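These notes are about the structure you will find just below.
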Amino acid sequence: MKFTEEQQMLRDMVRRVAEEQVKPLVAEMEETREFPESLVEVFGDLGLLQMWVPEEYGGPGGDLTSVCIAKEEIGKVSLAASTLCANNSIGLILPLLHFGTQAQKDRYLPLAALGRTLSCVAITEPDAGSDVSAIRTTARRDGDSYVVNGQKSWITWAAQADYMLLFARTSEGRGHDGISVFLVDTKTPGLTIGRKEVKMGRHGSPSYSVFFENMRIDADCLLGEEGTGFKACMKILDLNRPSVAASSLGLAQAALDESILYARERRQFGKRIADFQAIQFKIADMAMKIEAARALLYTSTQEIDSGDTSRLTLLSSMVKCYVTDVAMEAALEAVQIHGSYGYSTEYPVERFMRDAKLNQILEGTNEIHHVIIARQLLGK
Numbered sequence: 206m207k208f209t210e211e212q213q214m215l216r217d218m219v220r221r222v223a224e225e226q227v228k229p230l231v232a233e234m235e236e237t238r239e240f241p242e243s244l245v246e247v248f249g250d251l252g253l254l255q256m257w258v259p260e261e262y263g264g265p266g267g268d269l270t271s272v273c274i275a276k277e278e279i280g281k282v283s284l285a286a287s288t289l290c291a292n293n294s295i296g297l298i299l300p301l302l303h304f305g306t307q308a309q310k311d312r313y314l315p316l317a318a319l320g321r322t323l324s325c326v327a328i329t330e331p332d333a334g335s336d337v338s339a340i341r342t343t344a345r346r347d348g349d350s351y352v353v354n355g356q357k358s359w360i361t362w363a364a365q366a367d368y369m370l371l372f373a374r375t376s377e378g379r380g381h382d383g384i385s386v387f388l389v390d391t392k393t394p395g396l397t398i399g400r401k402e403v404k405m406g407r408h409g410s411p412s413y414s415v416f417f418e419n420m421r422i423d424a425d426c427l428l429g430e431e432g433t434g435f436k437a438c439m440k441i442l443d444l445n446r447p448s449v450a451a452s453s454l455g456l457a458q459a460a461l462d463e464s465i466l467y468a469r470e471r472r473q474f475g476k477r478i479a480d481f482q483a484i485q486f487k488i489a490d491m492a493m494k495i496e497a498a499r500a501l502l503y504t505s506t507q508e509i510d511s512g513d514t515s516r517l518t519l520l521s522s523m524v525k526c527y528v529t530d531v532a533m534e535a536a537l538e539a540v541q542i543h544g545s546y547g548y549s550t551e552y553p554v555e556r557f558m559r560d561a562k563l564n565q566i567l568e569g570t571n572e573i574h575h576v577i578i579a580r581q582l583l584g585k
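Throughout the sequence shown, residue numbering follows the numbering used here, covering 206 to 585 in sequence.
Here's what the structure looks like:
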């Protein structure tokens with residue numbers, strides 16, 4: 206697991222930005238549950254919103270490993286802010302690179318490269334979570350347009366996004382058949398942003414319900430061919446899931462760092478709690494699992510970046526599942542090590558515990574990823 210000089214420089218730069226410009230905003234995000242819009246300009250100027258945009262379109266031409274490095278470093282400070290980093294990966298850039306026409310790429314990628322555009326992904330519905338095939342939102346062809354009706358839920362950044370990657374059913378085919386994907390301007394008439402969800406954690410990355418009532422979009426909003434939306438969904442999720450894991454890895458490392466610091470300072474029974482074997486074993490277990498998670502993450506991203514995608518689905522699910530589980534465990538142990546103070550907002554570990562949970566759920570629950578991993582290995 207080796208990093209290039211450019212990747213090391215990226216890590217140093219993002220770490221500095223996270224400490225100097227993200228960390229001071231965390232308390233406000235927790236208190237107001239609002240998204241700090243100032244970070245769009247900060248991240249955009251540094252190329253962190255548009256990391257995947259190829260150089261020929263004016264972007265930095267980043268790869269999966271670089272995206273994960275950036276999200277890990279920001280995740281150490283704020284899991285909410287880390288979701289903004291490389292925001293356009295799944296909602297705009299990756300879909301265009303893999304399924305867009307040349308005209309669509311020429312139109313949107315230079316815009317994304319400017320670092321001021323936000324996007325969101327509209328897959329989940331009230332009755333369609335991990336089961337993407339259950340979506341009911343429809344897009345009916347009407348001449349040179351599609352007319353969209355339906356509802357989406359838990360759409361992060363929906364109110365802030367300029368563009369939405371929308372998955373809708375274009376035919377009555379069963380299961381995965383008939384699902385198509387569209388790139389939609391969020392200012393299109395007929396698209397309404399609903400209530401903001403009140404979440405347990407990750408307060409600085411707001412999620413919303415979204416409603417479509419006879420929303421008319423041009424036919425050229427379609428990415429790829431009709432009925433290929435499920436394939437597109439699985440492809441971009443596979444490419445994005447390691448970055449979800451990277452955010453969790455950052456959180457896990459922060460939980461360990463805070464635990465070590467506290468254990469060295471906190472005294473009970475006349476000595477530091479770091480001198481008790483029970484605490485030492487917790488710290489040791491956390492460190493071992495975090496290093497294993499880091500190795501799994503970056504050996505996987507480097508294999509994918511090399512052009513070998515033969516194990517993309519397998520590695521993507523392994524990384525997402527394992528690293529997010531490690532982060533949840535590390536956060537819980539950090540709270541336990543801190544004792545009563547771990548339950549107090551005076552220390553960040555209670556936030557780590559609340560934030561860590563969501564990454565075990567989004568982009569496919571970890572139970573679903575166990576199924577995917579088993580099927581990849583058993584050939585089912």
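Don't be surprised by glycine CBs; every beta carbon is placed ideally from N, CA and C.
What you are looking at is a predicted structure, and each value in this text was computed from that prediction instead of being measured.
- With distances taken between CA atoms, LEU519 lies nearest to MET439 out of LEU370, LEU299, MET439.
- With a contact defined as Cβ atoms closer than 8 Å, GLY399 and SER287 miss out at about 25 Å.
- Excluding residues up to 5 positions away in sequence, GLY280, LYS281, VAL282, PRO553, PHE557 lie with their Cβ nearer than 8 Å to the Cβ of ALA459 in the same chain.
- When the alpha-carbon of ILE298 is set against those of VAL272, THR209, ILE495, ARG471, the nearest one is in VAL272.
- In this structure, the straight-line span from the alpha carbon of LEU537 to that of SER414 is close to 30 Å.
- Scanning the segment 515–578 for uninterrupted alpha helix (DSSP H) segments of 4 residues or longer gives 517–543, 554–563, listed from N- to C-terminal end.
- Within the segment 273–309, there are no complete beta strand (DSSP E) runs of at least 3 residues.
- For CYS325, DSSP records a beta bridge to MET369.
- Taking the Cβ atoms as the reference, ASP347 lies roughly 22 Å from TYR368, outside the contact range of under 8 Å.
- With a threshold of 16 other beta carbon atoms within 10 Å, HIS575 falls short and is exposed.
- Three or more Cβ pairs closer than 8 Å define a contact, and the segment 211–228 falls short of that threshold against the segment 511–531.
- Taking a cut-off of 8 Å on C-beta distances, the segment 241–252 touches the segment 304–323, as three or more cross pairs fall below it.
- For SER414, the secondary structure class from DSSP, reduced to helix, strand or coil, is strand.
- Excluding sequence positions up to five before and after ALA339, its CB lies within less than 7 Å of the CB of ASP332, ALA333, all in the same chain and listed in chain order.
- If you draw a straight line from the Cα of GLY409 to the Cα of THR361, it is about 10 Å long.
- In the structure shown, the three-state DSSP call for SER448 is helix.
- Restricting attention to LEU284, LYS228, PRO265, PRO259, the CA atom closest to the CA of LEU563 is found in LEU284.
- Ranking ARG238, GLN226, LYS487, LYS228 by CA distance to the CA of PRO411 puts ARG238 first.
- Taking a C-beta distance under 7 Å as the contact criterion, ASN292 and LEU230 do not qualify as a contact pair.
- When DSSP reads this structure, GLY355 sits in a beta bridge with PHE417.
- Per DSSP, reduced to three states, the secondary structure at GLY399 is strand.
- No residue range can be given for ARG238, since it is assigned to no alpha helix (DSSP H) and is classified by DSSP as neither H nor E.
- Taking all protein chains shown into account, SER515 has fewer than 16 neighbouring C-beta atoms within 10 Å of its C-beta and is therefore exposed.
- Taking the Cα positions, GLU225 is about 33 Å away from LEU301.
- Restricting attention to ARG374, LYS357, MET420, the CA atom closest to the CA of GLU402 is found in LYS357.
- ASP510 is a Cβ neighbour of LEU269, given a cutoff of 7 Å.
- ARG345 sits in a strand when the DSSP states are folded into three classes.
- By the 16-neighbour rule on beta-carbons within 10 angstroms, GLU278 is buried.
- In the displayed model, GLU377 falls within coil according to three-state DSSP, outside both helix and strand.
- Assignment of SER243 by DSSP, reduced to helix, strand and coil, places it in the helix class.
- In the three-state scheme derived from DSSP, where H, G and I count as helix and E and B as strand, ASP513 is classed as coil.
- The beta carbons of ALA450 and VAL528 sit about 4 Å from each other, so the pair counts as a contact at 8 Å.
- By the neighbour-count criterion, in which 16 or more other beta carbons inside 10 Å mark a residue as buried, ASP490 falls on the exposed side.
- Annotation: the continuous alpha helix (DSSP H) that includes VAL219 extends over 210–222.
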